[in-house]
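A.B. asks: Numbering-wise, this note's numbering puts 209 at position 216 of the sequence shown, and it's gapless, one number per residue.
The beta-carbon is built from N, C-alpha and C at its ideal position, and this holds for glycine as well.
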Amino acid sequence: MEEKFNCLDELLKKVKKLKNEHTNVVAFNVYQILRLNDKELMHSRFIKALLNPNESHGYKDKFLTLFLKRVGISNFSTNNITIECEKNTNSNRYIDIAIENKLTNQMIIIENKIWAGDLTNQLFDYYQFGMNLYKKSENIFLLYLTPFGRTPSDNSFPKDKDQPQNGIKCISYETDIISWLGDCLKLIGDKNRLYYCIEMYIELIYKTINRDKYMEEILKYLVNNSSQMEVAIDVVKAFQSRNFLEFNSDSRNLIIKNITKSFEILGIETDPYLQQDGIYYFDKIHGDKNCDLIIEKDCIYGENSSSNTIKTELEIIGNDLNNKYLVALLTNNEDLIKEWITKTINHLTGEAENL
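1) When we look at the beta-carbon of Pro151 and count the other beta-carbons within 10 Å, is it buried (16 or more) or exposed?
2) Of the residues Thr263, Asp285, Glu257, which one's Cα is nearest the Cα of Glu327?
3) Please say whether Ile309 and Cys284 have beta carbons closer to each other than 8 Å?
4) Let's see if you can read the secondary structure: which residues bound the beta strand (DSSP E) around Tyr273?
5) When the Cα of Thr149 is compared with those of Leu126, Glu167, Ala109, Phe141, which residue comes out closest?
6) Buried or exposed for His36, going by 16 or more other Cβ atoms inside 10 Å?
7) Taking Cβ to Cβ, would you say Glu33 is nearer than 8 Å to Asp89?
8) Flag this pair as yes or no: are the beta carbons of Ile272 and Ile252 separated by less than 8 Å?
9) Taking C-beta to C-beta, are Ile202 and Phe122 nearer than 8 Å?
10) Measuring alpha carbon to alpha carbon, tell me which of Asn85, Ile76, Asn105 ends up nearest Asp118.
11) By the three-class DSSP mapping on this structure, what secondary structure does Leu286 have?
12) Is it the case that the Cβ atoms of Ile170 and Ile191 are separated by a distance below 8 Å?
13) Decide if the segment 130 to 145 is in contact with the segment 159 to 169; the criterion is three or more beta carbon pairs, one per stretch, under 8 Å apart.
14) Check the DSSP bridge columns for Ser165 and list the partner residues they point to.
15) Have a look at Leu215 and Gln221 and give me their C-alpha separation to the nearest angstrom.
16) For Asp291, which three-state DSSP category applies?
17) I need the straight-line Cα distance from Ile161 to Glu93, nearest angstrom please.
18) If you drop the 5 nearest sequence neighbours on each side, which residues of the same chain put their C-beta closer than 6 Å to that of Phe240?
19) Starting from the Cα of Asn131, find the closest Cα among Pro145, Thr144, Asp155 and give me that residue.
20) Look at the alpha carbon of Leu319 and the alpha carbon of Leu329, and state the distance between them as a whole number of angstroms.
21) So what does DSSP say about Leu307, is it helix, strand or coil?
22) Classify Val224 as buried or exposed, calling it buried when 16 or more other Cβ atoms lie within 10 Å of its own Cβ.
23) Does the Cβ of Asn246 have 16 or more other Cβ atoms within 10 Å, making it buried, or fewer, making it exposed?
24) Would you mind sorting Asn217 into buried or exposed? The rule is 16 or more other CB atoms within 10 Å of its CB.
25) Measuring alpha carbon to alpha carbon, tell me which of Lys129, Ser298, Ile66 ends up nearest Gln356.
26) Should Ala231 be labelled buried (16 or more other beta-carbon atoms within 10 Å of its own) or exposed?
27) Could you spell out the range, first to last residue, of the alpha helix (DSSP H) harbouring Tyr127?
28) Could you pull the start and end residues of the alpha helix (DSSP H) that Tyr52 belongs to?
29) Between the Cα of Lys55 and those of Leu180, Asn(-1), Gly311, Phe69, spot the shortest distance and give me the residue it belongs to.
30) Could you name the residues of the same chain whose beta carbon sits closer than 7 Å to that of Arg235, not counting the 5 residues immediately before and after it, in chain order?
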């Protein structure tokens, strides 16, 4: 046991050293400066600009062809297409990226989910919109884009509805988008303005999904140190399925403490209390008796009791370490905690920005 603790201590020192080295590197990135990390619309617009054959990048449909190959769509004609962000479905909903070929009656629907949750019947409504336009299920392609390729909830496309012939293809920023952008860089070759724009965007994605470059160096280090690789795997296993919101756990107490502190820093009044069943309430946010932040045994969410509505857009699941806000609550990242609280309150009060 002592030997494992020594290995862990050595590993943590190495991780800290590599992180410090990368933190100190000057990495100017205009997208990060403009705080575009989590703006789904901004990501959609950049991706759309590359996919659009009529854009000023000068590569016609080559980027689109690379994308279709990467996501496994082989029977979509790229001639005479139109591509649009925030396409209105006429039912008060907007498709993030819609690619249409009106000559071949085909449509690709890309739903871009960075951290937001699914809305009721969202993908089903998009599919129905495509079917109303182009009639045949085999001509509609649904792509569900998330940081790590998660599947949509049944709430978004209920299983009791007629399913699309081509299914719902789950693609990720981590694998599909980064790989596609790498293909685009290889095609461009010369390090011109477009090359650097795409390169910076790749860096932004890594930052957005919490995959810093130094982690790649850590992996290389572990490959050559089997004893520390073993310890690292033990740590990963311990964290993989752990519910950090488990009742009476140190991690839950830490999260409540950090939320309380951020409310105080933001100057937001609330009336916190603990129920007998262990559920913790930040009640009456800003003095509004209808606005609550609720910490259940495995999730945190906002609730507006006046409309009997639970807001899940910024819900935090207790074992989801891919959620940057859960990580922020565990590491006391005050900026991100304040950002999450502010966005959650905006959703509760109906003042949410277009995420």
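C.D. replies: So, from the data block:
1) exposed
2) Glu257
3) no
4) 273 to 276
5) Reading off the sequence shown, one finds Ser at residue 149, where the question assumed Thr. The option with the nearest alpha carbon to Ser149 is Ala109.
6) buried
7) yes
8) no
9) no
10) Asn85
11) strand
12) no
13) yes
14) Thr139
15) 6 Å
16) coil
17) 17 Å
18) Gly271, Lys290
19) In the sequence as displayed, the identity of residue 131 is Glu instead of Asn. Nearest of Pro145, Thr144, Asp155 to Glu131, Cα basis: Asp155.
20) 10 Å
21) strand
22) buried
23) exposed
24) exposed
25) With the chain covering only -6 through 348, there is no way to say anything about residue 356.
26) exposed
27) 115 to 127
28) Neither: Tyr52 is in no alpha helix (DSSP H) and is coded neither H nor E.
29) Leu180
30) Asn312
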